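S.K.: Sequential numbering of the sequence shown, starting at 4, is according to our numbering.
I am attaching a structure below and will ask some questions about it afterwards.
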Amino acid sequence: MELETSVKTAVDDQEEAMRLIKKHTYLLPRTKLGWTLTVIVIISFLMVYPGLIWANTAYPFLFGMPFTYVWLTFWVHVMLFAGIYAARKLWV
């Protein structure tokens with residue numbers, strides 16, 4: 004009787020674990036901070052690739068570099084810092 008109950012409990016635990024795995028996807032963020040960082044990374048990505056069409060100009064010079072270099076450097080650093088912050092705060 005006791006063996007049957009422990010086997011039944013183990014099966015129930017496995018079914019519960021599988022239900023939770025199917026319910027929770029790990030492709031989408033689960034917290035408000037996760038969604039915020041995801042939006043920041045997506046906007047930064049869009050500012051680098053399609054956004055460069057708008058910002059593609061050599062004049063004005065900022066920090067001794069053409070505007071295009073400053074534009075790309077800024078958005079790549081935003082993505083880098085968002086990724087580092089996400090790694091420190093969200094990933095265990």
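Where is the CB? At the ideal position from N, CA and C, for every residue including glycine.
Every value quoted in this text rests on a predicted model; they were computed, and no experiment measured them.
1. Could you give the distance in angstroms between the alpha-carbon of Leu-36 and the alpha-carbon of Gly-86?
2. Pull up the CB-CB distance for Val-79 and Val-51, whole angstroms please, since I reckon it's below 8 Å.
3. Would you tell me roughly how many angstroms separate the C-alpha atoms of Tyr-66 and Val-73, rounded to the nearest one?
4. Note down the Cα distance separating Glu-18 from Leu-30, rounded to an integer number of angstroms.
5. Express the C-alpha separation of Lys-25 and Leu-75 in angstroms, rounding to a whole number.
M.R.: Reading off the structure:
1. The residue you call residue 36 lines up with position 33 of the sequence shown. The residue you call residue 86 lines up with position 83 of the sequence shown. Taking the straight line joining both Cα atoms gives about 12 Å.
2. Translated into positions along the sequence shown, residue 79 becomes position 76. Translated into positions along the sequence shown, residue 51 becomes position 48. About 7 Å separates the CB atoms of Val-79 and Val-51; that is less than 8 Å, so the two are in contact.
3. Position 63 of the sequence shown, counted from the first residue, corresponds to residue 66. Position 70 of the sequence shown, counted from the first residue, corresponds to residue 73. The sequence given here places Phe at residue 66; Tyr does not occur at that position. If you take the alpha carbons of Phe-66 and Val-73, they lie about 8 Å apart.
4. Here the question's residue 18 lines up with position 15 in the sequence shown. Here the question's residue 30 lines up with position 27 in the sequence shown. Glu-18 and Leu-30: Cα-Cα distance of roughly 22 Å.
5. Working through the sequence shown from its first residue, we reach residue 75 at position 72. Working through the sequence shown from its first residue, we reach residue 25 at position 22. Taking C-alpha positions only, Leu-75 is separated from Lys-25 by approximately 39 Å.
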